[in-house]
Every structure is written in structure tokens, then in C-alpha cells.
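**Student:** Heads up, the sequence shown is in full-length UniProt numbering, so the first residue is 1 and it goes up one at a time.
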Amino acid sequence: MEKTVRLTTAQAIVKFLNHQYLSYDGKESLFVEGIFDIFGHGNVLGIGQALEQNPGHLTVIQGKNEQGMAFAAVGFAKQSLRKKIYAVTTSVGPGAANLVTAAGTALANNIPVLLLPGDTFASHQPDPVLQQIEVPHSQLTTTNDALKPVSRYWDRISRPEQVMSSLIKGFDVLTDSENTGPVTICLPQDVASEAYDYPLSFFNKRVHYINRHLPTERELTEMLVAIETSKRPVIIVGGGAKYSGACEELIALSEKRHLPLVETQAGKGLVPASFKNNFGGVGVTGNLAANRLVEHADLIIGVGTRYTDFTTASKSLSQSPNARVINLTISRSQSYKLDGFQVIGDAKLTLYELVTRLSVLEHEPIEMAKLRKEWQTERNRLATITFDDTSFSPEVGPHFTHETLLDYSNVLKTKLCQTTALLKVNDILPSNSIVVAAAGSLPGDMHRLWQTNSPNGYHLEYGYSCMGYEIGAALGAKLASPDRPVYAFVGDGSFLMLHTELVTSLQYHKKIIILLFDNSGFGCINNLQMSNGSPSFETEFRDSKTDAIMTVDYQKIAEGYGAASYSATTLDELTTALNQAEKETKSTLIHIKVLPKTMSDGYDAWWHVGVSAVSDSPTIQNAYTTHLKEKEKARYY
Numbered sequence: 001m002e003k004t005v006r007l008t009t010a011q012a013i014v015k016f017l018n019h020q021y022l023s024y025d026g027k028e029s030l031f032v033e034g035i036f037d038i039f040g041h042g043n044v045l046g047i048g049q050a051l052e053q054n055p056g057h058l059t060v061i062q063g064k065n066e067q068g069m070a071f072a073a074v075g076f077a078k079q080s081l082r083k084k085i086y087a088v089t090t091s092v093g094p095g096a097a098n099l100v101t102a103a104g105t106a107l108a109n110n111i112p113v114l115l116l117p118g119d120t121f122a123s124h125q126p127d128p129v130l131q132q133i134e135v136p137h138s139q140l141t142t143t144n145d146a147l148k149p150v151s152r153y154w155d156r157i158s159r160p161e162q163v164m165s166s167l168i169k170g171f172d173v174l175t176d177s178e179n180t181g182p183v184t185i186c187l188p189q190d191v192a193s194e195a196y197d198y199p200l201s202f203f204n205k206r207v208h209y210i211n212r213h214l215p216t217e218r219e220l221t222e223m224l225v226a227i228e229t230s231k232r233p234v235i236i237v238g239g240g241a242k243y244s245g246a247c248e249e250l251i252a253l254s255e256k257r258h259l260p261l262v263e264t265q266a267g268k269g270l271v272p273a274s275f276k277n278n279f280g281g282v283g284v285t286g287n288l289a290a291n292r293l294v295e296h297a298d299l300i301i302g303v304g305t306r307y308t309d310f311t312t313a314s315k316s317l318s319q320s321p322n323a324r325v326i327n328l329t330i331s332r333s334q335s336y337k338l339d340g341f342q343v344i345g346d347a348k349l350t351l352y353e354l355v356t357r358l359s360v361l362e363h364e365p366i367e368m369a370k371l372r373k374e375w376q377t378e379r380n381r382l383a384t385i386t387f388d389d390t391s392f393s394p395e396v397g398p399h400f401t402h403e404t405l406l407d408y409s410n411v412l413k414t415k416l417c418q419t420t421a422l423l424k425v426n427d428i429l430p431s432n433s434i435v436v437a438a439a440g441s442l443p444g445d446m447h448r449l450w451q452t453n454s455p456n457g458y459h460l461e462y463g464y465s466c467m468g469y470e471i472g473a474a475l476g477a478k479l480a481s482p483d484r485p486v487y488a489f490v491g492d493g494s495f496l497m498l499h500t501e502l503v504t505s506l507q508y509h510k511k512i513i514i515l516l517f518d519n520s521g522f523g524c525i526n527n528l529q530m531s532n533g534s535p536s537f538e539t540e541f542r543d544s545k546t547d548a549i550m551t552v553d554y555q556k557i558a559e560g561y562g563a564a565s566y567s568a569t570t571l572d573e574l575t576t577a578l579n580q581a582e583k584e585t586k587s588t589l590i591h592i593k594v595l596p597k598t599m600s601d602g603y604d605a606w607w608h609v610g611v612s613a614v615s616d617s618p619t620i621q622n623a624y625t626t627h628l629k630e631k632e633k634a635r636y637y
């Protein structure tokens, strides 16, 4: 008879997590790095007791907000290129509910994270327990059911022995490159503390293998012929290429055929910005050169991309009537997008095979050099924009006037423009920096303008574009790369939504630097609103009685937490603050006051949004007419 060990369900989970390994390209490493916790009733006496008794190698970190610490776990896994994870444990009720947004973020981006929320009593005694919701149709429905649609795998443990099969199924998902995402295992508080005689073999070292696969010969041949016969091909580098580690192969292929590379938010940072054929960000947040390459391409090769609406400009970016799409991906479901030719395989392995078979194309197409020069000229312009009381006027429509800009300048006491500030930061930051961002106007500016040559130095969450992700994820990135400086780029709107893991970074001496771009409002959405004919409405931070622009001293907020902090309203002040922040030994915030409407704008890209079809406003009527014309350019399959 097999030997057993008597443990609680929670103790068995902790013991199991300590013995999970990942093998990739012949390299084997521990898969679960640690666990974030906020203890309350429902997990403090279960998982909490188990971790206090024997955490094994797991690093245990106390979070400050369930959503924020889950963002840190997502950021850690993303920065680790999905090769390592953190688990997350919460109490029942609101603690578990706070995981929903972070789980959605992980699901949209295919990022593995293990969620272990507490749950109500499996015995239904007592009933209702504190923080339990009651619905008339079922006692089995709890807050945790809200996590079902945002989990790749979901289970609730009602008997201690169930956790064995649940964990094995969960780790199948967590280590599956094609289908990875959040795994939720709900732990009723009575079951978490109940004992069972677990077989010792369940806790043996378990190695999960990630294997690379080549496409079929038919797929390779078709792809080869398409590249050889195309006149204006372009490669869209997606997140799948980054997770595959296909940098060298993309460069080799690009050099051999003079193939231009353009990047999604998830794919940016894989190929160095200094590589001649890297044309940068593509789509709604893309730049002029990249977008025109795709617009006129006769062959579009997507490598590990989901073709989100921002990447494709809502399926309108490609305007060549006979343009062909090839989708190289490990996901069969993703390969069918845009009616593309499906090539199912690992990006690195497949591109290497193509490079060995393709012939050399001797001369670079003339338009590549021309577009490269045009975009560099525009980038230089954006780096030197200055506010002038008499001449500067943003082109955002009739509802934003020069007087409005003057009001902001006088109240915020700044003349600093966002693109100018951002590119100054790009010039100053250490070359090995990791930059983290997620929402607002900053992802657009960074996708177009940011340049990095440091591997895995660009960390943008744009699959969900989740406000509040930035600071928690920066902590996660620092845990994943402790020897590299980590900078969180965040707008004031996003900072106000969630920044509590700044305190966690101070508590555990994990230095992050927060660059807070303050334009006193939800600037990105204000742009969307006003550029489609509407006046500003509920998107700026204004006093409800006086309509005055609000000012918040974010420097003092950071100081109150114990962080180092600086403020900048000029390029000289920004330069000084960045240099000082680098010398600090603890987490630091730089409050950068920038003028609204001084971010970069779209370049030959349209975004399909819901413009009102009925309005008394002539400007909205005009916006709707323009919307219908642009909509005709899109392909709908």
C-alpha cells in the first residue's frame, strides 16, 4: 500500500507548489516562485497557517490590494516570459471579487497566474457566513463564480482529495503555451483546513515540458513561396514571437530578404530598436512608417499576433486589394484571423527553417529608406515641441481652444509637453531599464516613440489596457528582474485608480521608479471624446462648483508612503529628477506635470468606435459621416 502523509488541503497545496518545475529548451527551473497574500477570514486559517508552518522555497509577499497584488503576479509572469509564476491567495467575498479585473487582464494577454481565493463553507454551515452573497436559485453560487468567465480553468474544492486532480489540471493550463492563462481554484474555508491522507507520490518532483513544434511541410512550402514571390512583404511581430524568443531568427530573415518588421505592443522590445529594418509600432498607436508599410503591403506575415483592433486599425490598415495574410502561430484559433493562411508552429523554430531555405534578396526596396527617414524626422519634431503662448495650438478640433491650454498651463504651472518629456526620459534612462505601462495616452506615445535595445525591456499590457496595472506590474517585473531598474509609466487617472503596491515595494525593499504624467484628467479618453465632435464632458478633473482645473500634489502622496519623490515642470527639472531617482535606494515617484493635448496622434490609422448616429451637434454629425467613410475601408472577416 502506498505511503501517505496527513495534511490539510491548504498544506497539501503549498507542498505541491514547491515541487513543480518547467523544462524549456532543455533548461529546467522551479516554476512557482512564491505567493502573494492578503489574509482574511476564509484563508488566514487555511493557506495562512500552511504558509506560516512551512512555505518551503516559496517567497511570501503581503499585498495591499487584491487586484494590485494579482497585477504584480501577472507582471512577474509576463516579465519572466511565462516561465515562472506567483500564486495569489485572498479571503472570501470582496477579497475574491477584487481578483476579477486582474484575472481578465491575465486572460486577455495569455499570462499564467494561479488564483486561490477563499470561499464560503462547503458544508453550508454556518450559512450565510460573513461576506457571503445569497442568491435564491443556488447555495453553490458564491462571489467566486464571477471568476469563471475570466479564468482559463476554474474549480471549487468541496472535498480535500479533489485538490489533487484539480491542481494537476490547473498546471496543465498554466504550462500550456497555446492555452495558458489564469487558473482559479476556490477553497471553501472549512475544506481548506480539513485533513486527508495524501499519497506521498503526489508531492514528487513534477516537470512540465514546453516543446517547440514545426509546421507541416505543406505550410512551410506555401509560406516560402509567398515570401519569394511577394513585392512588398511585411512582418508583424507579436507577443508570441517574444515568448518564443525569436529575435535572432527575425533579424536573419529580415536581413536575407530585406523584410521590414513592425511591432505590436506585446511584440515590441523583442528586436532591438537599433536594427535597421525594425520600423517600430504598428496600428492605431503605431507610427507613420510602420503603418504605411502595412497599408501598401502585398503580403502580411503575422508572427504570434492576435490581430487586435489596435494592431489592424480595426481591420482597415491594409489597403492593397490583393494583399495576402499568413498567420504563424501556435494557436489554431488565432491562425484563422483575417482569413489568413494558417501556419501552426513555434515562431523561433519555423523562422529558422525559413531562413535556411530562402534565397537572398540583393537590394532593399527604395520606399523602406524613404519611410525610415520620414519617421525619424517626425520623431525628432515630437522630441522638441515647446509650448509658446502665441503660436502653439493643438489640432484636436473646435472644442479645445488655445485659451483652454493657457488655463492648464497657468493652473498646473507647467509648459512641458508630453512627447518632449517622454523622449527626454528615453534619452536618460539606463540602457538596461524595464519600462512598464498599460493605459491612457502613454501607451500610444511609447509604442510610437520609445526605443530600447535591451532584451525584454518593454513591458506593455495592452491586451486589456487595464488602468491600475502599471505599479503592481512594475513590482512584479522587479521581482522577475531584480538586477535591472524598473520604471512604471502612469497617468494621473490610472495612478488614482490603483497604486497601493507602491507600499509593498517599500515594505520588501524592491525599488521601482514611478513616472507620473499629470494632465489633470483622463486625457486619452478626453481626446477620443473631443476628436469625435463632442465637447469635454466628465473626462477632465474639474471642481464641480467652480469648474476650476484640479491640482493634486502626488509628490506629497508618495512622501507620505515613505517613498522618495520629485516634481518636474521643465526638461531641466526632469533631467535632475531622473538622475536623482537613479541614485535613490528606495522606490521613487517623479511627478511630471504635462499639458493636455501634447501627446502624439494617430498616423494613417482609424479606430472603429461607437460614434453617435443621432445628434443635434454639427461636429458630432460630421464625425459620424467621417466614421461611415472610414468604416468602408475595413474588411470584416
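Glycine included, C-beta positions come from ideal geometry on N, C-alpha and C.
Only a predicted model underlies this, so the values are computations on that prediction, with no experimental measurement involved.
#1: Taking C-alpha atoms, which residue in Val282, Thr598, Phe36 lies nearest to Leu293?
#2: Starting from Lys256, trace the alpha helix (DSSP H) in both directions and tell me its first and last residue.
#3: Helix, strand or coil for Phe489? Go by DSSP, reduced to three states.
#4: Indicate whether Gln418 and Phe517 have their beta-carbon atoms separated by less than 8 Å.
#5: Quick one: what does DSSP say Thr546 is sitting in, helix, strand or coil?
#6: Can you tell me which of the three DSSP states Thr414 falls into?
#7: Excluding the five sequence neighbours on either side, which residues of its own chain have a C-beta within less than 8 Å of the C-beta of Arg6, listed in chain order?
#8: Do the segment 454-472 and the segment 69-84 touch if we need at least three Cβ pairs shorter than 8 Å?
#9: Decide if the segment 440-449 is in contact with the segment 248-257; the criterion is three or more beta carbon pairs, one per stretch, under 8 Å apart.
#10: Please tell me whether Gln125 and Thr101 are closer than 8 Å, where the distance is taken between their beta carbons.
#11: Specify, as a first and last residue, the run of the alpha helix (DSSP H) that Lys631 falls within.
#12: So, for Ala252: in the same chain, excluding its five sequence neighbours on each side, which residues have a beta-carbon less than 6 Å away from its beta-carbon?
#13: What does a CB cutoff of less than 7 Å around Trp154 pick up in its chain, not counting 5 residues either side in sequence?
#14: From Asp176 to Ser166, what distance separates their C-alpha atoms?
#15: Confirm, please, whether the CB-CB distance from Ser481 to Ser454 is below 8 Å.
#16: Under the three-state reduction of DSSP, which class applies to Glu501: helix, strand or coil?
#17: Between His208 and Val32, what straight-line distance do the alpha-carbon atoms span, to the nearest angstrom?
#18: Enumerate in chain order the residues of its own chain whose CB-to-CB distance from Asn144 is below 6 Å, with the five nearest sequence positions on each side excluded.
#19: In its own chain, which residues sit with a C-beta less than 6 Å from the C-beta of Gly440, not counting the 5 before and 5 after it?
#20: Would you mind reading off the limits of the alpha helix (DSSP H) that contains Gly560?
#21: Evaluate Thr312 with the Cβ neighbour count: other Cβ atoms within 10 Å of its Cβ, from every protein chain shown; 16 or more gives buried, anything less gives exposed.
#22: Who are the Cβ neighbours of Ala613 in its own chain at under 8 Å, not counting the five residues just before and after it?
#23: Report all residues from its chain with a CB closer than 8 Å to the CB of Thr386; omit the five preceding and five following residues, and keep chain order.
#24: How many whole angstroms separate the CB atoms of Ala347 and Val303, which I take to be in contact at a CB cut-off of 8 Å?
#25: Ends of the alpha helix (DSSP H) at Trp375?
#26: On the DSSP letters alone, give me the boundaries of the beta strand (DSSP E) that Thr89 sits inside.
#27: I'd like to confirm something about Val303: is its beta-carbon nearer than 7 Å to some heavy atom of the ligand FMN, or not?
#28: Between which two residues does the beta strand (DSSP E) holding Val310 run?
#29: Use the C-beta contact count for Ser230: other C-beta atoms within 10 angstroms, 16 or more gives buried, fewer gives exposed.
#30: Three or more C-beta pairs closer than 8 Å, one from the segment 558-565 and one from the segment 583-591: is that the case here?
#31: Taking only runs of the alpha helix (DSSP H) that begin and end inside the segment 263-300, which ones reach a length of at least 4 residues, in chain order?
#32: Do the segment 525-541 and the segment 497-517 make contact, defined as three or more Cβ pairs closer than 8 Å?
#33: So, is Pro618 buried or exposed, given that buried needs 16 or more other C-beta atoms within 10 angstroms?
#34: Here's the rule I'm using: 16 or more other beta-carbon atoms within 10 Å means buried, otherwise exposed. How should Thr390 be labelled?
#35: Return the chain-ordered list of same chain residues with a C-beta closer than 6 Å to the C-beta of Ser505, the five sequence neighbours on each side being excluded.
#36: I think Cys466 touches Thr105, with their Cβ atoms under 8 Å apart; what is that distance to the nearest whole Å?
**Tutor:** In brief:
#1: Indexing the sequence shown from 1 puts residue 293 at position 293. Nearest option by C-alpha distance: Val282.
#2: The count along the sequence shown starts at 1 and reaches residue 256 at position 256. Per DSSP, Lys256 belongs to the alpha helix (DSSP H) from 247-257.
#3: Along the sequence shown, read from residue 1 onward, the residue named residue 489 stands at position 489. Phe489 falls in the strand class under three-state DSSP.
#4: The sequence position of residue 418 within the sequence shown is 418, counting from 1. The sequence position of residue 517 within the sequence shown is 517, counting from 1. Cβ atoms of Gln418 and Phe517: closer than 8 Å.
#5: As a position in the sequence shown, residue 546 is number 546, starting the count at 1. Thr546 falls in the coil class under three-state DSSP.
#6: One-based indexing of the sequence shown puts residue 414 at position 414. Coil.
#7: Here residue 6 is taken as the residue at index 6 of the sequence shown, counted from 1. Answer for Arg6: Ala195, Tyr196, Asp197, Tyr198, listed in chain order.
#8: Touching, yes.
#9: no
#10: Taking the first residue of the sequence shown as 1, we reach residue 125 at position 125. Taking the first residue of the sequence shown as 1, we reach residue 101 at position 101. It is not a contact, given that the beta carbons lie outside the stated cut-off.
#11: Residue numbering aside, residue 631 sits at position 631 when the sequence shown is read from its first letter. For Lys631, the uninterrupted alpha helix (DSSP H) run begins and ends at 618-631, by DSSP.
#12: As a position in the sequence shown, residue 252 is number 252, starting the count at 1. Annotation for Ala252: Val355 place their beta carbon closer than 6 Å to its own, counting only its chain and skipping 5 residues before and after.
#13: Locating residue 154 in the sequence shown gives position 154, where the first residue counts as 1. Counting only Cβ-Cβ distances below 7 Å, and skipping sequence neighbours, we find Leu147, Lys148, Thr184.
#14: In the sequence shown, the residue the question calls residue 176 occupies position 176. In the sequence shown, the residue the question calls residue 166 occupies position 166. Those two C-alpha atoms are separated by around 16 Å.
#15: Here residue 454 corresponds to residue number 454 of the sequence shown, with the count starting at 1. Here residue 481 corresponds to residue number 481 of the sequence shown, with the count starting at 1. Contact flag unset, no.
#16: Locating residue 501 in the sequence shown gives position 501, where the first residue counts as 1. Shown here, Glu501 sits in a helix according to DSSP, grouped into three states.
#17: Numbered from its first residue, the sequence shown carries residue 208 at position 208. Numbered from its first residue, the sequence shown carries residue 32 at position 32. His208 and Val32: Cα-Cα distance of roughly 12 Å.
#18: Indexing the sequence shown from 1 puts residue 144 at position 144. For Asn144, where only same-chain residues beyond five positions count, the Cβ hits under 6 Å are Ala96, Pro117, Asp119, Cys186.
#19: For this step, residue 440 is matched to residue 440 along the sequence shown. Excluding residues within five positions, the ones whose Cβ falls inside 6 Å are Gly491, Ser494, Cys524.
#20: Translated into the one-based positions of the sequence shown, residue 560 becomes position 560. Element bounds for Gly560: 554-561.
#21: Along the sequence shown, one-based indexing puts residue 312 at 312. Classification for Thr312: buried.
#22: Translated into positions along the sequence shown, residue 613 becomes position 613. Correct list, in chain order: Tyr624.
#23: Position 386 of the sequence shown, counted from the first residue, corresponds to residue 386. Sequence-distant partners of Thr386 (beyond 5 residues in either direction) whose C-beta falls short of 8 Å from its own C-beta, in its chain, are Phe392, Lys415, Cys417, Thr420.
#24: Stepping through the sequence shown from its first residue, residue 347 is reached at position 347. Stepping through the sequence shown from its first residue, residue 303 is reached at position 303. Right, the Cβ-Cβ distance comes to about 5 Å (below 8 Å), so this counts as a contact.
#25: The sequence position of residue 375 within the sequence shown is 375, counting from 1. Where Trp375 is concerned, the enclosing alpha helix (DSSP H) stretches over 366-383.
#26: Stepping through the sequence shown from its first residue, residue 89 is reached at position 89. Its beta strand (DSSP E) spans residues 85-90.
#27: Absence of the ligand FMN is noted for the structure shown, with no ligands found whatsoever.
#28: Working through the sequence shown from its first residue, we reach residue 310 at position 310. Per the sequence presented here, residue 310 reads as Phe, with Val not at that position. Unbroken run through Phe310 is the alpha helix (DSSP H), 309-312; no beta strand (DSSP E).
#29: Against the sequence shown, residue 230 aligns to sequence position 230. Buried.
#30: yes
#31: Taken in chain order, the unbroken stretches of alpha helix (DSSP H) that lie wholly in the segment 263-300 and span 4 residues or more are 288-296.
#32: no
#33: Your numbering for residue 618 matches position 618 in the sequence shown. Exposed: under 16 other Cβ atoms inside 10 Å.
#34: Position 390 of the sequence shown, counting from 1, holds the residue named residue 390. Because Thr390 sits at a pLDDT of 48, beneath the cut-off of 50, its placement in the model cannot be relied upon, and the point is left open.
#35: Counted from its first residue, the sequence shown places residue 505 at position 505. Excluding positions up to five away in sequence, the list reads Leu475, Ile512, Ser587.
#36: In the sequence shown, residue 466 corresponds to position 466, counting from 1. In the sequence shown, residue 105 corresponds to position 105, counting from 1. Cys466 to Thr105, Cβ: 5 Å. Contact.
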